[in-house]
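Each protein sequence line maps, in turn, to chains F and L. Per this note's numbering, the very first residue in the first sequence carries number 1; after that it's consecutive. Per this note's numbering, the very first residue in the second sequence carries number 1001; after that it's consecutive.
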Amino acid sequence: DAKTTQPPSMDCAEGRAANLPCNHSTISGNEYVYWYRQIHSQGPQYIIHGLKNNETNEMASLIITEDRKSSTLILPHATLRDTAVYYCIVRKNSGGSNYKLTFGKGTLLTVNP
Amino acid sequence: NAGVMQNPRHLVRRRGQEARLRCSPMKGHSHVYWYRQLPEEGLKFMVYLQKENIIDESGMPKERFSAEFPKEGPSILRIQQVVRGDSAAYFCASSSQDRASSPLHFGNGTRLTVT
Chain F
1 DAKTTQPPSM DCAEGRAANL PCNHSTISGN EYVYWYRQIH SQGPQYIIHG LKNNETNEMA
61 SLIITEDRKS STLILPHATL RDTAVYYCIV RKNSGGSNYK LTFGKGTLLT VNP
Chain L
1001 NAGVMQNPRH LVRRRGQEAR LRCSPMKGHS HVYWYRQLPE EGLKFMVYLQ KENIIDESGM
1061 PKERFSAEFP KEGPSILRIQ QVVRGDSAAY FCASSSQDRA SSPLHFGNGT RLTVT
């Protein structure tokens, strides 16, 4: 699986947009970009995923660059409850083992009042 | 729409005892995955099951650990003769398909403490 690189930590003011970057320069054409987050003492929560196009749902937006080598997760109006570790994961689209998600260290997003 | 349910949330066992962790997948999901998170480490894949079948157990220790997903009832992760190194958070996830376009949804885990 392609390796991802994320900053270890970020801060954001409550009510502002949080933009979390992820580098996945070795991604191949058949791999999805997934984002999960883990709030302390809870299980990973699925946020969003995409292959080539930008995606938006009720939680966030995912912007994938045209060359697919990086992406940004956008939380449009961060709240204190969005404080969590955010994981960017590249997932195989075909072949075996596409369920073996590789969780790195992620980005600790702290939303400040 | 109930999510993935795991129980118990916390489990304390003495060394040498058995631990049984249960996972009920989301409604309509027939694919179940177990992950383990050791203290201060990332989540690691353990095993992937479909109803009555183990598909991939490559991440599970060869001894003392077993998993099942019977036709009826929850998936069970069983750890025999627990040791202190088994202390961790065990997360179950489920999905509706085994495709990369089908997200895994995780439960809130069982925190196992071995004393």
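Think of the CB as a built atom: it goes at the ideal place given N, C-alpha and C, for glycine as much as any other residue.
Practice item. Using a Cβ-Cβ cut-off of less than 9 Å, list which residues of the segment 82-101 of chain F approach chain L; keep chain order. Key: TYR87, ARG91, LYS92, ASN93, SER94, GLY96, SER97, ASN98, TYR99, LYS100 and LEU101
Point to revise | Beta-carbon gap between F/ILE89 and F/LEU108 smaller than 7 Å | key: No, the pair does not count as a contact, with Cβ atoms beyond the cut-off.
Review point. Is the CB-CB distance between F/GLY43 and L/PHE1091 below 7 Å?
Key: Cβ distance < 7 Å, so F/GLY43 and L/PHE1091 count as in contact.
Check your understanding: Name the chain L residues whose beta carbon is nearer than 7 Å to that of F/GLN6?
Key -> Per Cβ cutoff of 7 Å: no residues; F/GLN6 is ~12 Å from chain L at best.
Exercise for review: Output yes if chain L places a C-beta closer than 7 Å to the C-beta of F/PRO113; else output no.
Suggested key: no
Check your understanding: What are the boundary residues of the beta strand (DSSP E) that L/ARG1036 is part of?
Key -> Where L/ARG1036 is concerned, the enclosing beta strand (DSSP E) stretches over 1031-1037.
Review point. Using Cβ-Cβ distances below 9 Å, what residues of the segment 1072-1099 of chain L are close to chain F?
Key: ALA1089, PHE1091, CYS1092, ALA1093, SER1095, ASP1098 and ARG1099
Check your understanding: So with Cβ pairs under 7 Å, would you call F/GLY43 a contact of chain L?
Key -> yes
Review point. What residues of chain L sit near F/HIS49, judged by a beta carbon separation below 9 Å?
Key: ALA1100, SER1101 and PRO1103
Exercise for review: Just confirm the distance between the C-beta atoms of F/THR4 and F/GLY104, as a whole number of angstroms; I'd bet it's less than 8 Å.
Suggested key: 6 Å
**Study point:** Beta-carbon separation (whole angstroms), L/GLU1018 vs L/ARG1078, contact threshold 8 Å
**Key:** Their Cβ separation, rounded to whole angstroms, is 7 Å, which keeps L/GLU1018 and L/ARG1078 in contact under 8 Å.
Review point. Who are the near neighbours of L/GLY1042 in its chain, counting only those whose CB is closer than 8 Å to its CB and skipping five residues on each side?
Key: none
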